[in-house]
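One structure below.
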Amino acid sequence: MTGQSQWLIETRDLTRIYGDGEQIHALDHVTLHIGKGELVAVMGPSGSGKSTLLNIIGALDRPTEGTILIDGQDMSSLRDLDRFRSQSVGFVFQLHNLLPTLTARENVEVPMTGAGGPRERSERAKELLALVGLGDRMNHLPNQLSGGQRQRVAIARALANNPPLVLADEPTGNLDTVAGQELMGLIRDLHRSQGTTFVVVTHDHAVARQTERVLVMQDGKIVRQDVIGSPLEEDLKLWRHTGLGRRLVEKKEDLTDKLGLSRGEVTTLRQVLERADVAGD
Ligand SMILES: Nc1ncnc2c1ncn2[C@@H]1O[C@H](COP(=O)(O)OP(=O)(O)OP(=O)(O)O)[C@@H](O)[C@H]1O
Ligand SMILES: [Mg+2]
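Set out below in C-alpha cells:
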C-alpha cells in the first residue's frame, strides 16, 4: 500500500449485476468512503448486497461498473491480485473454515508469506494467538475449541500478514450473545492497538453499536449512515438526562456544596454535559 490517500476504501458508483436474463443489481451505484483506521459496520436485510460489497472490497469479486480505490489505488489496474489479497486484506467469515486437521497455531500459519522460516512463522502465530487470548489453546484442533474460540483463531489468521484492512462477514453470526460481545471487544481492542481498519457485516444491532459508523444497505444501495458516539459520550448523554444532570445544566440551583465540588469544577462538568448532548444529536 502506498499510503498516499486519506481514504483506505473509496468507491464510486460501484455496481454489481448478476445474471443475463433477469438481472439482479446486487450493488447499485454505491459510493462510499472509509478512512484509515475506521471500524465500520454494514447492516441491512438478507440479499441487500452486504457480502457482495465485502467481496469486491477484498478483490474476491469485480464490479460490473464503477470504481473502487484501495489506499488510492484503482483496483482495476492492479495486476497482482493474489498478492494484494494476501498482504493487504484479512478475511473472517461466519463459517470460519479453519482446516480441521491443523492445530490453532498451524491454521494461523497457513496464510503467512515472507515471514522467514518455520520457526519465525511459528513464533508469529503464537504471538497472534496470545493477542486474541488463546495463548493456552495453541495446540488444540478446531473441534476441541468453542465457537467463539474458533472465531478468534480466524481473526488471528486474518492478522497473520499484519494487513491494514480486515473484512469480517457475520463474524458473530453463530455465536451466543456473550461470545459475540467478547469477539466484538477483541475487534475493538485490535482496531485501537494495531490501527487496523475493520469492516464488519452484521445483523446484530448490539454488534453494530460497538463500531464507529454503521452503513445500512437495502436493494444494493447504501440507504443510511449512522455515526456511533464513543461509549464515554453515550454515557455522558444518558447522564445528562438524569435528574442530577438536568439540575446541573439548568443552573437553577447552586450544587457546589451538594456535590462537594468547587464552583469551577461544577462549571466544567456542566459544560462537558452540554457538549455531550449537542455532539450526540
Ligand atoms: N453468485 C451469484 N449469482 C447470482 N446472484 C447472486 C450471486 N451472489 C449474490 N447474488 C444475489 O445478489 C444479491 C445480494 O447478495 P448478497 O450475498 O450480497 O446479500 P447479503 O446482504 O450478504 O445477504 P445475507 O444477509 O443473506 O448474507 C442477492 O439478491 C443475491 O441473491
Ligand atoms: Mg451475506
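The sequence shown begins at 4 in my numbering and counts up by one.
C-beta: ideal position from N, C-alpha, C; glycine also.
Report back the beta-carbon spacing between residue i and residue j to the nearest angstrom; my notes put them in contact at under 8 angstroms.
i: Gln30; j: Gly223; result: For the record, residue 30 in the displayed sequence is Leu; it is not Gln. At roughly 5 angstroms, the Cβ-Cβ gap stays under 8 angstroms, so Leu30 and Gly223 are in contact.
i: Leu132; j: Ala107; result: 6 angstroms
i: Glu215; j: Glu41; result: 6 angstroms
i: Thr104; j: Gly69; result: Rounded, the Cβ-Cβ distance is 41 angstroms, inconsistent with contact.
i: Leu11; j: Lys39; result: 5 angstroms
i: Val92; j: Leu170; result: 6 angstroms
i: Thr67; j: Ile20; result: 4 angstroms
i: Arg212; j: Ile231; result: 6 angstroms
i: Ala161; j: Phe87; result: Wrong, their Cβ atoms sit about 15 angstroms apart, outside the cutoff.
i: Glu236; j: Thr205; result: Going by Cβ atoms, the distance from Glu236 to Thr205 rounds to 21 angstroms, so no, they are not a contact pair.
i: Gly47; j: Val181; result: Contact doesn't hold; Cβ gap of about 25 angstroms is too wide.
i: His32; j: Asp16; result: 5 angstroms
i: Val210; j: Val45; result: Val210 to Val45, Cβ: 11 angstroms. No contact.
i: Leu137; j: Arg155; result: 6 angstroms
i: Gln221; j: Ser51; result: 5 angstroms
i: Thr175; j: Asp207; result: 6 angstroms
Near residue i, what residues of its chain come up, given a Cβ to Cβ distance below 8 angstroms and the 5 sequence neighbours on each side ignored?
i: Leu251; result: Leu258, Val269, Leu272, Arg273 and Leu276
i: Arg278; result: none
i: Leu134; result: Ala159, Leu162 and Leu193
i: Pro166; result: Gln90, Ser91, Val92, Gly93 and Thr199
i: Leu102; result: Glu109, Asn110, Val113 and Pro145
i: Ser265; result: Thr259
With a threshold of 6 angstroms on Cβ separation, who are the neighbours of residue i within its own chain once the five nearest residues in sequence on each side are excluded?
i: Asp64; result: Asn58
i: Gln197; result: none
i: Ser8; result: Asp74 and Gly75
i: Glu130; result: none
i: Glu256; result: none
i: Asp229; result: Val217
i: Asn142; result: Thr106
i: Leu178; result: Gly150 and Gly151
i: Gln26; result: Ile20
Take residue i and list the residues in its own chain whose beta-carbon comes closer than 7 angstroms to its own, dropping the five residues that flank it on each side.
i: Asn164; result: Ser89, Gln90, Pro114, Met115 and Thr116
i: Leu262; result: Val269
i: Arg195; result: none
i: Phe96; result: Asp172
i: Glu13; result: His36 and Leu72
i: Arg328; result: The displayed coordinates of the chain run from 4 to 284. Any statement about residue 328 would go beyond what the structure contains.
i: Gly61; result: Arg88, Val92, Phe94 and Leu170
i: Ala128; result: Arg108, Val111 and Glu112
i: Lys53; result: Val45, Gly47, Val204 and Met220
Taking 8 angstroms as the cut-off, does the segment 149-156 touch the segment 180-188 (at least 3 CB pairs, one atom from each stretch)?
yes
Which residues count as close to ligand 2 when the rule is a CB under 7 angstroms from any of its heavy atoms, in chain order?
Lys53, Ser54, Asp172, Glu173 and Val204
Is the segment 75-84 close to the segment 235-251, with three or more CB pairs under 8 angstroms?
no
Within the segment 134-216, ranges of the alpha helix (DSSP H) (whole runs, at least 4 residues):
150-161, 180-197 and 208-211
Enumerated in chain order, which unbroken segments of the beta strand (DSSP E) with a length of 3 residues or greater are wholly contained in the segment 82-112?
92-96
Contiguous alpha helix (DSSP H) assignments of at least 4 residues, all confined to the segment 27-61:
53-60
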